[in-house]
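Protein chains in written order, with my numbering: chain A, 1 to 199; chain B, 200 to 398; chain C, 399 to 597; chain D, 598 to 796.
Ideal Cβ placement from N, Cα and C applies to all residues, glycine included.
If you're wondering where the values come from, they're calculated on a predicted model, not measured in any experiment.
Protein chains: 4
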Amino acid sequence: MRSNRLEAFSDGVLAIIITIMVLELKPPDGADLGALWDRSGIRLLSYLLSFVYVGIYWNNHHHLFQVCERVDGVVLWANLAQLFVLSLLPFTTSWMDDQGLKAVPVVVYGVNLLAAGTAYYLLEHAMARIPGQGERMREVFGQTLKERGSLVLYVAGILLAALVVPWLGLAVFAIVAAIWVVPDRRVERYLAALDRETS
Amino acid sequence: MRSNRLEAFSDGVLAIIITIMVLELKPPDGADLGALWDRSGIRLLSYLLSFVYVGIYWNNHHHLFQVCERVDGVVLWANLAQLFVLSLLPFTTSWMDDQGLKAVPVVVYGVNLLAAGTAYYLLEHAMARIPGQGERMREVFGQTLKERGSLVLYVAGILLAALVVPWLGLAVFAIVAAIWVVPDRRVERYLAALDRETS
Amino acid sequence: MRSNRLEAFSDGVLAIIITIMVLELKPPDGADLGALWDRSGIRLLSYLLSFVYVGIYWNNHHHLFQVCERVDGVVLWANLAQLFVLSLLPFTTSWMDDQGLKAVPVVVYGVNLLAAGTAYYLLEHAMARIPGQGERMREVFGQTLKERGSLVLYVAGILLAALVVPWLGLAVFAIVAAIWVVPDRRVERYLAALDRETS
Amino acid sequence: MRSNRLEAFSDGVLAIIITIMVLELKPPDGADLGALWDRSGIRLLSYLLSFVYVGIYWNNHHHLFQVCERVDGVVLWANLAQLFVLSLLPFTTSWMDDQGLKAVPVVVYGVNLLAAGTAYYLLEHAMARIPGQGERMREVFGQTLKERGSLVLYVAGILLAALVVPWLGLAVFAIVAAIWVVPDRRVERYLAALDRETS
């Protein structure tokens with residue numbers, strides 16, 4: 001099976017997840033900037049963080065299916081698991097905000113990020129199982145150091161939030177996001193090389 | 200008429216249905232895990248069940264239009280009927296949760312699943328009516344035992360929920376979901392055979 | 399410009415409009431069928447009617463762009479006007495339900511349907527302005543009697559709701575929907591003839 | 598990388614943003630036209646303005662990727678920044694309405710429009726960086742006078758809303774929208790010329 005429709009469906013779900021969080025932003029009651037900041041300041045920042053995370057997953061998803069185009073039943077469900085975990089992000093973001101960045105909600109938010117990272121890792125493995133795709137993925141994505149390093153950093157952030165102070169955990173999650181925002185040249189290099197070969 | 204746009208529209212509607220249910224998950228008032236479980240525990244589980252069901256329908260829809268590509272006006276409306284029935288799932292899921300899994304709401308949830316299964320059955324028939332597609336579908340999907348068996352199990356679950364205890368009905372619905380999650384090899388075998396023939 | 403992306407964007411907007419209305423269906427407070435009917439009975443019926451209407455517009459849109467594929471700036475805005483008018487349907491449906499089918503809300507619902515029909519009429523004209531498409535559309539869609547007849551029926555329904563009794567207006571709107579649900583053979587005949595010519 | 602999936606994802610997000618604002622339209626409590634106007638009159642007008650703005654961005658986005666088809670990692674994030682800024686529009690629109698068009702909320706709405714215009718400007722630059730696309734964009738879009746003129750008008754509107762009267766600022770924003778609604782012939786001329794060359 002080719003991946004076009006899986007991509008279209010995932011685009012739809014990710015587009016909804018990324019925009020649904022705006023619905024959580026309730027306008028402040030007053031008409032001045034103080035009211036805006038009190039009511040929506042932290043929410044805007046955490047919405048930005050979650051928006052960036054969903055953007056990162058969309059980017060990675062896009063890169064992955066740019067390189068590999070064949071899917072099977074296992075990939076379909078690995079992909080749905082990925083989407084399910086990401087769909088919980090508006091909920092965990094919202095809880096974290098409502099409670100003013102207390103320890104447990106920040107930990108749960110971190111667990112959500114960790115689960116999303118793990119699901120992506122499994123999706124990559126499901127894709128690599130399909131004949132011919134494993135070698136190509138290893139060639140393009142290499143040792144997946146970034147993927148595995150992120151999982152370690154999520155655990156570090158969760159522990160910091162639980163044992164030291166919630167803000168510190170959030171800072172780690174923001175750093176991981178920043179690492180991923182830097183565009184991933186691996187796929188572009190691969191596609192450019194492919195272009196050169198075929199021409 | 201080719202099916203591309205019907206698929207794109209259905210992907211959009213299914214993507215929204217599957218994500219709309221997260222909006223029903225209201226964050227708990229407390230900042231500890233007990234509050235999370237009390238407020239959202241059962242909702243998370245039933246959200247997962249409904250998510251899996253919509254995922255199953257998306258998968259089946261995907262498989263069906265992978266094999267057959269021609270649609271007509273009857274198929275367009277059979278497809279809209281399928282989408283309408285599925286769009287009620289967030290509503291019936293929510294009612295079931297609000298009422299703490301009482302008998303009537305669980306029965307109504309089961310009726311919703313039964314209607315979705317029936318609509319899919321009708322959609323398959325509408326597709327099979329189009330010249331050339333009936334034989335191919337019989338070849339690929341065989342006796343549609345799984346489809347018809349599920350309808351029987353939904354009825355069994357509804358009766359158990361109504362007459363014995365609601366939880367038992369829900370367990371049957373979860374079992375049907377599990378049966379479908381196991382990837383359906385029929386389509387993959389067919390496409391692989393097709394690949395071999397054409398090459 | 400080709401129409402693919404206009405179609406994709408319209409599919410997205412129509413998919414959201416058609417599913418957003420489920421969010422208006424609040425689960426009843428009780429756990430029995432009486433509570434379900436009292437709280438959601440009429441809402442379910444009017445949701446069904448609006449769902450069918452959006453489905454009709456999606457079908458017509460689909461048929462139109464199946465026959466004609468070239469768009470320009472005027473068509474882009476005619477299409478956005480169509481989408482804007484349809485996006486008000488969840489709002490007018492909801493008001494009608496909240497007020498228990500009183501005269502004014504039913505009239506406003508009818509005006510919304512009338513505006514949607516008019517917008518579609520304008521969209522057809524904008525498409526027919528593009529060189530080469532006018533003749534083909536006249537060939538396929540003929541006198542657009544159905545389109546113009548519907549506008550007359552909407553006006554009749556609005557007058558009946560305003561001057562006689564709201565239910566009667568709604569019945570007319572349901573009849574117009576039923577007329578459109580009957581699949582439109584014009585496009586299928588045209589595409590079949592085209593197939594025969596090219597082969 | 599080709600732009601198809603970036604376009605599909607953006608279509609999804611823009612479709613959701615444009616329709617999410619209908620959810621803010623709460624039906625009035627009474628069943629007469631006075632209640633409709635009191636409760637929803639201004640909201641309908643500002644919904645229309647924001648709808649037109651998102652429509653403009655969709656149109657521009659459509660035109661831009663009609664002319665240029667190659668994207669890279671920087672473009673992906675410039676595009677996500679554009680979508681993020683636009684996703685705040687339902688929030689800022691809603692705040693402006695809730696507060697009855699007071700100065701600060703209208704200014705914040707203007708800042709949102711200014712940020713959206715700036716993000717689009719950056720997106721164009723990110724696209725022009727890609728080899729071969731810069732010249733073609735200059736050829737088609739020329740001096741981008743319209744883009745830069747709009748930014749100046751947004752600033753003028755913001756100052757008028759802050760220092761004179763909010764309504765005046767809104768009027769300027771409506772005028773900018775009207776300027777953009779006039780279809781942009783530049784892209785159509787370019788595509789027509791391209792057609793003539795290739796044939």
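{"Query": "Coarse secondary structure for residue 400 of chain C, derived from DSSP in three states", "Result": "strand"}
{"Query": "Chain A contacts made by the segment 259-271 of chain B, where a contact means CB separation under 7 Å", "Result": "261, 265"}
{"Query": "CB contact check: residue 680 of chain D to chain C, cutoff 7 Å", "Result": "no"}
{"Query": "Where the alpha helix (DSSP H) containing residue 147 of chain A begins and where it ends", "Result": "145-163"}
{"Query": "Which of helix, strand or coil DSSP assigns to residue 129 of chain A", "Result": "coil"}
{"Query": "Residue 218 of chain B at chain A interface by Cβ criterion, 7 Å", "Result": "yes"}
{"Query": "Proximity test, Cβ basis, 7 Å: residue 628 of chain D and chain C", "Result": "yes"}
{"Query": "Rounded C-alpha distance that separates residue 34 of chain A from residue 632 of chain D", "Result": "32 Å"}
{"Query": "Distance between residue 193 of chain A and residue 704 of chain D (C-alpha atoms, nearest Å)", "Result": "49 Å"}
{"Query": "First and last residue of the uninterrupted alpha helix (DSSP H) at residue 41 of chain A", "Result": "33-67"}
{"Query": "Min CB distance residue 215 of chain B to chain A below 7 Å", "Result": "yes"}
{"Query": "The segment 267-275 of chain B touching the segment 568-581 of chain C, judged by at least three CB pairs closer than 8 Å", "Result": "yes"}
{"Query": "Contact with chain D by residue 401 of chain C, beta-carbon distance below 7 Å", "Result": "no"}
{"Query": "Own chain, CB closer than 7 Å to residue 466 of chain C, minus 5 neighbours either side, in chain order", "Result": "525, 531, 534, 535"}
{"Query": "Proximity test, Cβ basis, 7 Å: residue 221 of chain B and chain A", "Result": "yes"}
{"Query": "Minimum Cβ-Cβ distance from residue 695 of chain D to chain C less than 7 Å", "Result": "no"}
{"Query": "Close-in-space but distant-in-sequence residues of the same chain around residue 554 of chain C (CB under 7 Å, 5 per side omitted)", "Result": "570"}
{"Query": "Integer Cβ distance of residue 421 of chain C from residue 219 of chain B, believed to fall under 8 Å", "Result": "7 Å"}
{"Query": "Residues near residue 528 of chain C by beta carbon distance below 8 Å, same chain, minus five either side", "Result": "466, 468, 469, 470, 473"}
{"Query": "Beta carbon of residue 281 of chain B nearer than 7 Å to that of residue 312 of chain B", "Result": "no"}
{"Query": "Beta-carbon gap between residue 9 of chain A and residue 210 of chain B smaller than 7 Å", "Result": "yes"}
{"Query": "Residue 588 of chain C versus residue 309 of chain B: straight-line alpha-carbon distance, rounded", "Result": "43 Å"}
{"Query": "Distance between residue 251 of chain B and residue 314 of chain B (C-alpha atoms, nearest Å)", "Result": "17 Å"}
{"Query": "Short CB-CB distance (under 7 Å) between residue 453 of chain C and chain B", "Result": "yes"}
{"Query": "Through-space distance from residue 263 of chain B to residue 626 of chain D, alpha-carbon basis", "Result": "46 Å"}
{"Query": "Residue 608 of chain D at chain C interface by Cβ criterion, 7 Å", "Result": "yes"}
{"Query": "is_contact[residue 687 of chain D, chain A] using C-beta, thresh 7 Å", "Result": "yes"}
{"Query": "First and last residue of the uninterrupted alpha helix (DSSP H) at residue 82 of chain A", "Result": "73-87"}
{"Query": "Given residue 257 of chain B as reference, the closest of B/324, B/319, B/395 once Cα atoms are compared", "Result": "B/319"}
{"Query": "Sheet register partners of residue 70 of chain A (DSSP bridge)", "Result": "A/2"}
{"Query": "Exposure label - residue 145 of chain A; buried when at least 16 CB within 10 Å", "Result": "exposed"}
{"Query": "Any C-beta of chain B under 7 Å from that of residue 425 of chain C", "Result": "yes"}
{"Query": "Chain-ordered neighbours of residue 181 of chain A on chain D, where CB pairs are closer than 8 Å", "Result": "674"}
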